[in-house]
Structure formats: C-alpha cells, structure tokens
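Going letter by letter, the sequence shown gives residues 1 to 533 in full-length UniProt numbering. I have placed the structure first, in the form of structure tokens, so that the comments after it can refer back to it.
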Amino acid sequence: MTNKTPNVLLIVTDQQRADHLGCAGNTLLRTPNIDRLARTGVRASNFHAASTTCMSNRATLMTGRLPSLHGVVHNGISLSRDHTTFVELLRAGGYATALIGKSHLQSFGYDGPARRRWSQGDQGVAPPLDLLDARKRQRDGDGYLNEWTPDWRSGKRIAVTTPYYGFEHVELATFHGDQVEGDYARWLAQRHPAPDSLRGRANALPSPGYSAPQAWRTAIPEALYPSTWVGERGCNWLRKHVQGSPGKPFFLNLSFPDPHHPFTPPGRFWDMYQPEDMPLPPSFGKPGNSQLLVDVHRYTREGGPREGYGAYAVTSRECQETLALTYGMVSMIDEQVGQLLQTLQELGIEDDTVIIFTSDHGDMMGDHGIVLKGAMHFSGLTRVPFIWKDPCSRAAPPVLELPSGTIDIAKTVLARCGLAPYNGIQGLNLLPWLDGQSQTVPSRPGVIVESEPVVLPHGRTRRYRLRSLVSEEWRLTLSNLPELCELYDLHADPLEQHNLWHERAAERGQLCMQLLMELSEQADCSPLPTAIA
C-alpha cells in the first residue's frame, strides 16, 4: 500500500459466534476465504459486543459509544439522527460511503402488547402525549421510518433517504433468512415472477429428518438468496466506484442478514453439514447455577414459544440440526467474501484497502442447552469475530488477545484514516496493538457489556438491567435484580458453569469497584459547554 488514504471494507454478519470460523479453531466449519483474511491480518480472540441485541450493538458500532449513552438500550429504539457517527466523519473527510445489506439502525416494525410503554397511569392525571417521556424528541416520524418493513412491503417506501447516518448510498435489507425485505425484495421480484412463492415455511422444500425450531429448506435458489444479493451488489458497487471515482477513498459496509435465524440455508448449503457430525457443546445439558439459564429451561419446559427471538431450550438432535444449518449459512457467506476479495484484486485496489470482518453479537447455539440470544452475557453471545487486514501492517501479531470490542471499531477506523474523533466518542484506538507497535496493557480493566430486554422474557415480572465487565480472567455481571448478578473465573471455568457471586467476596468487591470506576470513566462528556457559566 502507498501512503495515500486507505479504502475501508467493513464486512458484518448477523448473530455469528467467535468460534464459528475455521481460523478460530473450528475444524468442521469451512471458511477458507475468511481464514485467508485472518492469515494475512490479525484476528482478535477476545473481542466482545457492547450488547447482545442487534440494534444496540449496531448503534455502538456506528457511534463508538455505549448503549446507555446513545440510548439504543434494546431493540425497538432507533438511533437518534442527532447522534454523530464515524461514517459521517469519513464522508466529511472526503470518503465515498456506502451500506449494502442489513443496517438495523432504525426499527423494522415488529410490535406487540409486551412492548415497554408509559406506565405511570396510577399516579395521577396523565400528561399530554408530547410530555409522556423525559425526552420530547421520541425518534419517530418520517426520518425514522427508513427501515419500517410494512412500508417497504406496501410500496410506500422504495428507497432509504440519504445521507443515512453518514452513508450516501444505501441498498437495504430488513429481516433475516429467506424473509428478507427492503431493496433485496425488489431485486428478487425483478428476477422471479412470483417471489413470495419461494419464501417461508409454507413454501419450503421437503426436509425429512429435520425438526429444529425455525428451520426449513427454503425454495429460494442460491443465486437469489440474500447472501448472494449482498455479495453481488457489493462487487457491483466497487466496480462502479472505481470506474466513476478513481482514486477517491471509500468506506463500504457490507452487512449480511445471515446466519441469524430462521435457519434457511439454500441449495447445497442446506446439507453441506450433517447434523450427526456436529459435536454437542461441552456445556450442553449442564445449565449451571445461573438464574437466567434456569429461567430459560423452566419456560421452555412449561411450553414457552420457540418461534420468536428469545432464547429457548433444545434437545440434542435439535441442537445438532441448528449447528449444521448455521454452518451452511456461514459457509455461504464465506463464498461471497471470496468473490469480494477477487473483485478487489481484479480492480487493483486490494493493496489499498483495509478489510474488517466482524459480527453484531453471537448465539448460545447449544451452550448450556439453549439457542438464540437474550439479555444475558455468556461468552457465546458476547464474543464475536474480529479480523483486521491492513496491507500497511508489517509487524502485526497473528492473534490479538487483548480484551477489546465493537466499541473500539469507530475510533480505530478514524485513526487509520487520519481523522480525529469527535467529542464524546468512547472505546480504544486499537491501531498500536493491531500493528504490533505496542506491547503495553491498556489502562482499562476490561470491556463493558450492557443489556436490558425490550420485553420481560421467560416469565419475568420485573424489568432488569445488566452491566458486565469482561477481562481476560473474569466476567462480572451486575444487575438491579440481585438474583441475576454473576461472577465467573474464566481461566478455571471457561464454560461459565459455576456462578461464584456468593463464594468469592474479595474478587467480587474488587471487580465491582473496577466496573464502577470504568463506568465513571466512560460517563458522557457530550455536549461541550458553550461557556464557563
């Protein structure tokens, strides 16, 4: 690479665990193209999402700020248009910016009676509608309907209004599996006379032997599946950009809706992996003494639904099927990554492009006998892949073991592109460690993970919040509900099976102090004062 400003290609998957890559030691899963990125770059082995839900962590990715600061504390809250994103700085700095795939910076349009609403009606006369909340600006109205799927389905919306959080070009995907909508749905309709006849369980191909929840053999062929669309449109955009704006740096975010459930890998990817070959996770059948896990198992036994978005318990066979189908979805993404790498090479810009690969959060995927996700902080949910391939790096370590996370991406990208960050950005600039120039340990004690559910899960009657500090040795989780507090010795108990909260008072006290000091360190310093007084 020359000394000119680098291009940046950010590849994001949805709900992919850190250990669901060949380069992370998974001997069954075939991901040769992503593995090649890791071989020629740096793979972070202790990289954590700032939250275990899509919208919260994606907002952290864009802003470099904790969920409690940007306000997207759970799904269903759009990122405020008043919040600065690092993509806006890139655009202001002369970058062409584009997003193709899943954004989820605004709500998709899910709703239901369990959603959190104003609930002070028993305390007197209700305030006017515009004064129901502590904030008058409710992140609603036309500017917050760009991803509202009912509008896309009805034809009321046919494009995202740009610039969109800094992206001047957007091709949008909403939802997951073979249910994806947005720009993808229009692309599909242009290529098939009856696209709805290909979608969903009702139109699925026969799949004898499979019974896992939220899994069906989609009738959508590989060439028309959402992962193919993301890869194809990404390659298209790269070619047009290089032809139309040669020499202008770009930031391209390609965001795959897979391997998020429903589990619908198309064509050969459906049975690329056999359930019988999938080993059960070491903690399967061992829920341990976490109250959150006990709740999930109890709720499932009592007939709780397994067709939604919350975690549920599975049998050993269901776990194996879910793993096999997820592996197929990841391998399909890997093929598209290969096409992208080939396109960069053909265009002669491979040596001018920093490539980042990550995911928004993980999946329990059979750990402790459950799958999917929720407001809990087990490593299967918080640890995600992170690969940084920079042609300029000369002394980069093959694996970065430093605790790091999504919150660090914004500041790191801005530093690599030679742009100073905005006031209020959090996280750590990882460049000194990614380049192998620093061997010192950062002053922060670990990374913070935050969660609170949008609905009360698994029969709970009280809203709860979690704040975790994850270091190399410990995971401490503090909650407003005492029974949900947790402490795990990650060296002695990497599977997080023995909650030590009531057994290790000295370590608990020390880590609580570290968490509180780090939260104080990360307190908001925005806005800047306009005067001394």
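Cβ coordinates follow ideal geometry from the N, Cα and C atoms, glycine included. Since we're looking at a predicted model, the values are computed, not measured.
Taking only three categories from DSSP, how would you classify Asp140? coil
Determine the direct distance from the alpha carbon of Gly348 to that of Pro246, and round the result to whole angstroms. 11 angstroms
Do Tyr312 and Ile370 have their CB atoms nearer than 8 angstroms? yes
Using the three-state DSSP reduction, which class does Tyr488 fall into: helix, strand or coil? strand
Are the region 149-159 and the region 234-244 in contact at 8 angstroms, needing three or more beta carbon pairs? no
I need the DSSP call for His458, collapsed to helix, strand or coil. coil
Taking Cβ to Cβ, would you say Ile425 is nearer than 8 angstroms to Gly64? yes
What residue range is occupied by the uninterrupted alpha helix (DSSP H) comprising Arg36? 32-40
Less than 8 angstroms between the C-beta atoms of Tyr273 and Leu28, yes or no? yes
Can you tell which of Glu521, Leu79, Leu487, Pro529 has its C-alpha closest to the C-alpha of Ala506? Leu487
Please report the straight-line C-alpha distance between Ala50 and Pro193, rounded to a whole angstrom. 42 angstroms
Specify, as a first and last residue, the run of the alpha helix (DSSP H) that Glu346 falls within. 316-346
Select from Ser68, Cys392, Phe175 the residue whose C-alpha is nearest the C-alpha of Leu431. Cys392
Nearest to Tyr110 by CA position, among Tyr309, Glu496, Leu419, is which residue? Tyr309
Could you tell me which residues DSSP pairs with Thr358 in its beta bridges? Val12, Phe386
Return helix, strand or coil for Ile77, following the three-state DSSP convention. coil
For Phe284, I'd like the list of residues in its chain whose CB is within less than 6 angstroms of its CB, leaving aside the five on either flank, ordered along the chain. Gly366, Gly369
Glu521, enclosing beta strand (DSSP E) - first and last residue: Premise fails: Glu521 lies in the alpha helix (DSSP H), 505-521, not in any beta strand (DSSP E).
Can you tell me the Cα-Cα spacing of Leu323 and Met329, whole angstroms? 10 angstroms
For Leu69, which residues of its own chain have a beta-carbon under 6 angstroms away from its beta-carbon, when the five flanking residues on both sides are left out? Asp524
Please state whether the Cβ-Cβ distance between Leu198 and Ile220 is less than 8 angstroms. yes
According to DSSP, is Thr161 helix, strand or coil? coil
Quick one: give me the first and last residue of the beta strand (DSSP E) that Ile448 is part of. 447-451
From what residue to what residue does the alpha helix (DSSP H) around Gly231 run? 226-244
Do you know whose CA, among Thr85, His491, Phe256, lies nearest Tyr225's CA? Phe256
Assigned exposure category for Glu472 - 16 Cβ within 10 Å defines buried: exposed
In the DSSP output, what is Glu181 paired with across the bridge? Thr174
Per DSSP, Lys102 forms a beta bridge with which residues? Ala173
Would Trp216 and Thr264 be called neighbours here (beta carbons separated by less than 8 angstroms)? yes
Could you tell me the boundaries of the alpha helix (DSSP H) in which Arg475 lies? Unbroken run through Arg475 is the beta strand (DSSP E), 474-479; no alpha helix (DSSP H).
C-alpha distance - Ala531 paired with Val441, whole-angstrom precision: 37 angstroms
For Thr218, count neighbouring C-beta atoms within 10 Å of its own C-beta (all shown protein chains included) and say buried if the count is 16 or more, exposed if not. buried
Looking at Asn499 and Ser290, is the spacing between their C-beta atoms short of 8 angstroms? yes
If you reduce the DSSP assignment to three classes, tell me which class Ala313 lands in. strand
His297 to Ile355 span [Cα, whole Å]: 40 angstroms
Tell me the rounded alpha-carbon separation between Met513 and Met62. 29 angstroms
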